[in-house]
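Residues in the sequence shown are numbered consecutively from 61, following my numbering.
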Amino acid sequence: MALDMPAYLASRRKFLANRAAFPVEELAKYTGQWVAWSPDGTRVAASAASPELLDGILEANGEDPVTCVVEGIPDDDALIGEADGSAA
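Rendered as structure tokens:
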């Protein structure tokens, strides 16, 4: 099946705008966890301690894991570049 690029780009723009508008206070509840965003970026569809656990949780909640975007939410001690040693 060919990708409908205009539809994909419109959907991606919508996701990015909604994700950017998500309240920081609400996102703080997921500190140190992995989250799966709803396809439109308006809500966290699932959260877990590791990304490997998200598919099962999403499926149990009736969500399609293929359509969700996974993101790690850093904890309070994380620094940009810390994982590759560049924060030192």
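Idealized CB from N, CA, C, for every residue including glycine. Just so you know, these numbers come straight off a predicted model, no measurement behind them.
Cut-off 6 Å between Cβ atoms - residues of its own chain near residue 135, not counting five sequence neighbours on either side: 91, 92
Residues sharing a beta bridge with residue 178, DSSP: Residue 178 is absent from the model: the chain starts at 61 and stops at 148.
Classification of residue 122 by the beta-carbon crowding that lies within 10 angstroms, buried from 16 upward: The Cβ neighbour count for residue 122, taken over all protein chains shown within 10 Å, is under 16; the residue is labelled exposed.
Close Cβ partners of residue 128 (< 8 Å) along its chain, the five nearest in sequence each way excluded: 96, 97, 98, 99, 105, 106, 114, 118
Residue 107, DSSP secondary structure in three states: Residue state, collapsed to three classes: strand.
Residue 118 in three-state terms, based on DSSP: helix
Of the residues 130, 75, 103, the one placed nearest residue 109, counting alpha carbons only: 130
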